[in-house]
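Here the structure is laid out as structure tokens; the discussion comes afterwards.
Numbering (the UniProt record's numbering), first residue to last: 1 to 221.
The following block contains the structure:
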């Protein structure tokens, strides 16, 4: 089985001159034989250009997962859907975004593909993605508005969380990260340096162009 891969295609920062940084977040998830787009950033033009540089085409995306209906996470969706109409998984309270969308509103925890799950809507308007990877679970968050502790608790219903990637808006509860093997704080995270200093072995730098990999889930003994 191929490795689990998260490629950040839209973020506030980038270390690559051939990519554009812009306020927002999006990542391409390749896992369990499927390819998803998690969030779409703010501007389709930037998302499209960055995806092309990184070797991705809308044609290979099977589904879009929108963490929450804020401009910097759903702004590029209309442009994407003009290229390819795919199922769009959104939190339950999200209104119909575009008629072109095959919109699926998610309330509680739900499997999107085998090994890939939604936490369900948390805090009344945001969901996170949970992917079986390596010896545990990878959580991908948009902004973590409901609280990182709430998200990790919800994700743990699927197993042990070992990795966290994404925006950690307003996050200060550093102790909830202590058992994670990988932490990649991006986008709206205010205290990235503090996370890096507290958890240097687990910390990974974010930014457009960053590629993170995990081994496939371990088979039961």
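Note that beta-carbon positions come from the ideal geometry of N, C-alpha and C, so glycine has one too.
Item, Value
"Where residue 122 falls: helix, strand or coil (DSSP)", "strand"
"contact_flag[the stretch 59 to 72, the stretch 169 to 181] where n(CB pairs < 8 Å) is 3 or more", "no"
"Check whether residue 137 and residue 161 have beta carbons under 8 Å apart", "yes"
"Endpoints, the beta strand (DSSP E) within which residue 106 is located", "102 to 106"
"Stretch-stretch touch, CB-based, cutoff 8 Å, three pairs: the stretch 115 to 126 with the stretch 41 to 60", "no"
"For residue 191, three-class secondary structure by DSSP", "coil"
"C-beta contact flag for residue 156 and residue 121 at 8 Å", "no"
"C-alpha distance - residue 191 paired with residue 184, whole-angstrom precision", "12 Å"
"Bridge-paired residues (DSSP) for residue 30", "5, 35"
"Assigned exposure category for residue 37 - 16 Cβ within 10 Å defines buried", "buried"
"Cβ-Cβ distance between residue 8 and residue 209 below 8 Å", "yes"
"C-alpha distance - residue 21 paired with residue 12, whole-angstrom precision", "5 Å"
"Residue span of the alpha helix (DSSP H) that contains residue 46, given as start and end", "44 to 53"
"Nearest neighbour of residue 19, chosen from 142, 97, 5, 47 [CA to CA]", "47"
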